[in-house]
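One point on numbering: in numbering that gives the first Met the number 0, the residue at position 1 of the sequence shown is 0, and numbering is uninterrupted.
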Amino acid sequence: MPLVTATDVVEIIEPKRQGPRGPGKPPRGFGGGGNGGGSGDSPARQRAYVTGMTVALGGILMFFMALVSAYIVRKGAGADWRALIVPKILWVNTAILVISSFTLSRSRRDFLRNDLQSFRHWWYVTTALGFLFLIGQLIAWRQLANAGVYLASNPSSSFFYVFTAAHGLHILGGLAALLAVAFHKGRRLTLATSSNVVAMYWHFMDGLWVFLFLLLTLGR
Numbered sequence: 000m001p002l003v004t005a006t007d008v009v010e011i012i013e014p015k016r017q018g019p020r021g022p023g024k025p026p027r028g029f030g031g032g033g034n035g036g037g038s039g040d041s042p043a044r045q046r047a048y049v050t051g052m053t054v055a056l057g058g059i060l061m062f063f064m065a066l067v068s069a070y071i072v073r074k075g076a077g078a079d080w081r082a083l084i085v086p087k088i089l090w091v092n093t094a095i096l097v098i099s100s101f102t103l104s105r106s107r108r109d110f111l112r113n114d115l116q117s118f119r120h121w122w123y124v125t126t127a128l129g130f131l132f133l134i135g136q137l138i139a140w141r142q143l144a145n146a147g148v149y150l151a152s153n154p155s156s157s158f159f160y161v162f163t164a165a166h167g168l169h170i171l172g173g174l175a176a177l178l179a180v181a182f183h184k185g186r187r188l189t190l191a192t193s194s195n196v197v198a199m200y201w202h203f204m205d206g207l208w209v210f211l212f213l214l215l216t217l218g219r
């Protein structure tokens with residue numbers, strides 16, 4: 000017996016409306032366009048995805064704030080805390096991630112102008128910058144290891160590795176989402192909605208990293 004999802008029921012009850020552009024033609028900037036574009040999402044479904052991402056980001060924020068609270072408490076709890084000199088490459092990594100937010104915003108603007116070629120170009124650039132950021136974080140770990148600073152060397156180094164590892168895993172998830180949008184061909188989630196939700200996640204991870212970087216450099 001085939002599985003019927005809530006989404007399928009909504010689509011049956013509330014069929015797509017035919018706008019002034021005619022049946023099957025999505026509004027400008029909200030269709031797949033180009034090669035076999037998909038049909039547009041209903042406003043209710045778009046709001047549902049945005050709400051779901053907002054709730055997920057709230058959970059991620061609570062997780063990292065718990066780590067930050069533990070960092071502050073542990074720093075002031077004992078005399079064994081030694082300030083960690085963060086690798087200078089983290090400055091470069093931070094700049095790369097900030098730039099990726101600008102390229103992602105440029106990509107979204109081009110999408111809303113219905114310039115799908117430019118949209119995909121800047122989307123690919125954002126994805127490449129994300130991979131560069133992760134490579135830079137691995138280089139930072141390698142530099143610390145070469146200097147004899149490991150996870151168990153000191154509480155400050157332990158928190159450094161935990162912060163960067165946790166954030167790196169979330170960036171890796173973001174890269175998977177960026178790639179999924181870049182090669183988006185399906186019709187269940189339109190390019191408009193998926194790119195918007197992924198952009199929310201990426202900008203959040205960018206801002207979160209800037210906060211963690213300032214914490215590790217100024218609050219050490």
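From the three backbone atoms N, C-alpha and C, an ideal C-beta is built for every residue, glycine too.
Check: What is the rounded straight-line gap between the Cα of N145 and the Cα of N92?
Finding: 19 Å
Checklist line | Cβ contact (3+ pairs, closer than 8 Å) linking the region 46-61 and the region 121-141 | finding: Touching, no, given that fewer than three Cβ pairs across the two stretches are closer than 8 Å.
Next item on the list: Alpha carbon to alpha carbon, how far is S41 from L213? Give it in angstroms, no decimals.
Entry: 40 Å
Next item on the list: Have a look at F159, P86, S194, G75 and flag the residue whose alpha-carbon is nearest the alpha-carbon of T125.
Entry: S194
Note to self: Output needed for S247: all residues of its chain with C-beta closer than 6 Å, excluding positions within five of it in sequence on either side, in chain order.
What the structure shows: Because the chain in this structure spans residues 0 to 219, residue 247 falls outside the shown range and cannot be described.
Next item on the list: Name the residue from K87, G75, A181 whose alpha carbon lies nearest to the alpha carbon of R141.
Entry: Just measuring C-alpha positions, the residue of K87, G75, A181 sitting nearest R141 is K87.
Margin query: For V196 and G51, what's the separation of their Cα atoms in angstroms?
Written below: 9 Å
Note to self: With three or more C-beta pairs closer than 8 Å as the rule, is the region 102-122 touching the region 64-72?
What the structure shows: no
Item checked: Of the listed residues A151, F158, T216, L103, nearest to A176 (C-alpha basis) -> L103
Margin query: By alpha-carbon positions, which one of H120, A164, G77 ends up nearest to I138?
Written below: A164
Notebook entry, point to check: Using a Cβ-Cβ cut-off of 8 Å (strictly less than) and excluding sequence neighbours within five positions of F159, which residues of its own chain qualify?
Noted result: L83, V85, L143, L215
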